[in-house]
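Worksheet for the structure shown next.
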Amino acid sequence: MEYLSRGFKSVLGKVENEGPSGAETVDRLVDRISSATLLDDRRDAVRAIKSLSKKFRVEVGTSAMNVLIKVLHNDRTDSEICGLALEALVTIMSNDVDEQSEVLNNDLPVQFTEIFLKDSDNVTCLLGLLEEYEFRIRWATVRLLIALLNNRTIQIQQCVLVSPLGVSRLMDLLSDSREVIRNDGLTLLILLTKGNAAIQKIVAFENAFDRLLEVISDEGYSNGGVITEDCLILMSNLFNASNINFFREGSYIPRLVPFFDFSDYTEEGRTWSELKVKNVLLMLQLIRTLVSPNNPPQSTQSSQKVIYHCNLLKILCDLLMKTGIPAEILTETVNTVAEIIRGNQTNQAFFSVVDAPYTPPKPAIVVLLMSMISDKQPFSLRCAVLYCFQCYLYKNPTGQSRVISTLLPSGVAEANHVTAGQLLCGGLFSNDSFSNWCAAMALSHALFRNKDLKEQLLRVQLATGVGYQPVSLLQQCSNILLNGGSSSQTRIAILSLLCSWLTNCPIAVAHFLNNSAIIPFLFSCIEQPCEMHESVIQGLSAVLVGVCIIYNDGNNEKFTSDSIKRLITTRLDPEHFLTKINDVSKSELFTTAAKHTQIQELKSDRVLFDHEFTKQFKKLEVSISKSISEDDDADDKFKTSQTNETVVMSYKILIREQDAELGKLRTQCKELQENFNDAQRQLERQAIELVQIRNQVAIMKEYDPESQKDTVHSLQDQIQEKEELIKKLQQELTYYSAHSLSANVAAPLHNGHVEYESEDLSIKVNLLEAENSNLKQQMEKLQLSLSVMQASLEAITTNKQAAEENSVTLLNKQIASLVEENNLLKTECARKETTLNNNEIQDLRLKLEAKTSDYAQQRQDYEDLLVLLEDQDAKIKKYKTRLRELGDTTAGDSSDEDDDETIDSGINMLMPDSNKNHKSLNVDLTDEE
């Protein structure tokens, strides 16, 4: 008995563990589902598989997936069995594994997903199940789609995109009154819209912004917790170039204003929850997306204008000056305000008059600059303030003049008030190196593209101490460089400021060169061995020397342009000099700053370059290289002018030709860019129209296509009858021709018979004309029916419809021409019925034969048209398959470019071929006509 007991326990143990008995149990249940005729039996078997799906995940996935999918297709009317099948599929395709479950390979759900996606109808079935309002079905379907998207995002996106009403059914989830379904629907749409521009456009077209803003409002805006967060993430996914325009033009920006009502949270001691902070940051990032410098300029300017008129800019500026705001929200608000005012003079003027709530009031710019030069403030906030100040001065000569005026001796500011200029000078000469760098960059932006202000800044005098004579700001900057005791970051800041100041300002260069020690010092810096940041210092020193060469007015006899060039030749090799400059633009920190308008570094000691300065540096690099190279070329030309004259001329000719060709290429590139933009806008419209067409197709599925087929068969029978009639008429004409030849030998006794035959022929021609007219009407009706049937194709496009309409119109014109020929034939028969001779009868017979041949040709053309349409459908399906195989990858965004990407590439592949087929079809029909 003990032996039997041990054996029985071992058998039970195998059932409980993942041994062969588990696979056998699953196989038996699968057989039961496949063979059972009663729904209750199948339901019990599916319930058992669902309970085993967690423990025997591999067995259920490999053996039972097909029968579970069949249950979804065949037993859709029973909500219980359908829900059980969906839950089992969710379990085997989800990455979540219970603690008591076996440890599985992470690739297993992905493999099951690939098996599931081998038949695209499975995804279509799931989208159809979303129409069921039953909670168990709808929720399980949403969870299964989420699992599939997590495993194979691109493939599911493709399936949803080509499914009629697929996106519409997913959007209906946002209107579900059951929160768990609505919330999971948000998660599903977040995954679905990620990285797919076409789906983003369709979702936005389905009133997604309205529904999301309604949900945010119902949840209490920033107090909505996770639901508001998901809504904001989904909106962020939808913000591509076209949807930004749609959002702005749809008057959605003013609806964001209530989100920033923090009146209850600006009090002292009121804490902000982590979710509330996160939601506010997401909303601020959405606003920044609307006014990002990476957007097209017109789009950014329009968004800035709307934000100003709906008072959102005022609300954000007030938020900056309030207390109790978390540091991360304050930092992001500063960045948001910066991009709202960047390059917009109206917004910049509004920002310049914003005051902080102090007694007496202080300008907001002054308060922000105080935070920037204070080493006690967070690094991210100081960077944000510098970015805001730069955006305030960007393309703002009035703001630049106002800042510089606070530095001049005749400044309008009162002595008791702290001004922006005083703060910048204080930060420039403080002991904190990052404050030095921030102040130097801020002053540089106050001077960019403004020669007059550069000259006025020479008047600024600084008091270095009690009992000392005041020195100019330019002299003080030179003294800092000459002392050499400052940090590398401070020296880089001063060199950058001087390069910006002296560029395009000969008077400032002359003042700078009055210090006889500065040029030798710069040369010594270039010659020093490189350390950590020394290569950058060497390169900036070389650039400053180059600026003194280019913008030298020659008033300083000791340091003219020629004398400085001779120093470069004697002390340094010109090539080595240019290499030092080139090394700066190759550095990692320079490249990072050149790519982003805002500081991207996380540590203050790694911030060396400003975005605007990198742009100016590249221009100076080219100018200096050209100036040095021209000088070397002049020396070489003087030495070898006679021997190399021919070579130089040949190179000049080659350069001219290359310049001309380059001009042509630039023109072509501009035209191609315009064509690309037009095509991109057209494709966006076509994508939206494609959704409308697919919706119409889904609605028209209720019509029976068999009736259309019957109509086609009926018309084919009529065409066959007309062919038989034509053949009969040909036989009669042949008989009439033979009879007429014999009648020529006889007397005019047969003239009456000839007249009778002619009248009979005329009558038959009339009948044929009427029948042809009837045929024309029937063929028009047939074309309308075929157009309706053609609209049901999944891959139908607007170009294809145009091809059908043009072909039908051409065919109708050809039929009308055929009718006109029949009329002429009838008239000719009536005119010659008394004088008909053998030759004319023969001509008439030939014309009728030609007419008959034309009619047959028209019928053949019509059949060819149908074949072409079928072939075009096959090509579209082929390209879709090819896109799936290639993974539907596209080129990069870099801006907008977006960027921007997967379904647009699919449409770009499909539409040109459709246009090509359309053109070739028109050419063929025209030639045949």
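According to numbering that gives the first Met the number 0, the sequence shown is numbered sequentially starting from 0. The C-beta atom is built at its ideal place from N, Cα and C for all residues, glycine as well.
Check whether the Cβ atoms of residue i and residue j sit closer than 8 Å, and answer yes or no.
i	j	result
I580	A541	yes
V159	L187	no
L147	T112	yes
T405	G426	no
F447	S499	yes
M92	L129	no
I403	A445	yes
I549	S622	yes
I306	I252	yes
V276	E327	yes
L501	C476	no
L337	C382	Rather than Leu, the amino acid found at residue 337 in this sequence is Ala. In this structure, C382 does not lie closer than 8 Å to A337 by Cβ.
N334	R287	yes
L512	C547	yes
T227	I243	no
C309	F350	no
V122	M170	no
Q199	N236	yes
F433	Q488	yes
L1013	N149	Here the chain covers residues 0 to 928 and nothing more, so residue 1013 does not appear.
I479	A439	no
I314	V256	yes
For residue i, which option in the options has the closest C-alpha, if you only look at C-alpha atoms?
i	options	result
T330	I339, I243, L283	L283
V470	Y650, R41, L457	L457
E884	I48, L116, T36, E58	L116
T322	V352, I306, P356, S302	P356
R247	G224, S298, W271, A593	S298
E205	L164, K277, L315	L164
N94	V70, R151, N449	R151
Q615	D120, S443, L845	S443
L422	L588, S432, A441	A441
F378	C437, L51, N554, K663	C437
L289	D354, Q303, I145	Q303
K594	D26, S603, S584	S584
S562	G662, S262, L539, P519	P519
C230	I598, L281, R254, F245	L281
S176	Y132, V202, I153	Y132
I627	V866, A592, C387, F576	F576
F388	D374, P396, L368, L380	L368
C124	P108, I153, C81, A462	C81
T332	T613, L380, I875	L380
N449	Q857, V256, G398	G398
N294	A439, Q376, T568, I339	I339
S373	T569, N430, I598	N430
Start and end of the alpha helix (DSSP H) containing residue i?
i	result
R401	396-404
E130	Careful: E130 lies outside any alpha helix (DSSP H) and carries neither H nor E.
W436	432-446
G60	Looking at the DSSP string, G60 is not in any alpha helix (DSSP H), and its letter there is neither H nor E.
Y307	296-308
K594	587-594
P108	106-115
F208	207-217
G425	419-427
V459	No alpha helix (DSSP H) contains V459, which DSSP labels as neither H nor E.
L319	311-319
Beta carbon of residue i: closer than 7 Å to some heavy atom of the ligand COA?
i	result
G223	The model on display carries no ligand, and the ligand COA is accordingly not part of it.
Start-end ranges of the beta strand (DSSP E) lying completely within the stretch 517-558, minimum 3 residues:
none
Counting only runs of 3+ residues fully inside the stretch 329-393, write out the beta strand (DSSP E) ranges in chain order.
none
Using 8 Å as the Cβ pair cut-off and three pairs as the minimum, do the stretch 593-609 and the stretch 343-350 touch?
no
Identify every run of the alpha helix (DSSP H) within the stretch 163-200, keeping only runs that are complete inside it and at least 4 residues long; order them along the chain.
165-170, 178-192
Residue ranges of each alpha helix (DSSP H) within the stretch 226-266, 4 or longer:
240-248
Counting pairs of Cβ atoms below 8 Å between the stretch 43-63 and the stretch 74-91, do you hit three or more?
yes
Which runs of the alpha helix (DSSP H) at least 4 residues long sit entirely within the stretch 22-48? Give them in chain order.
none
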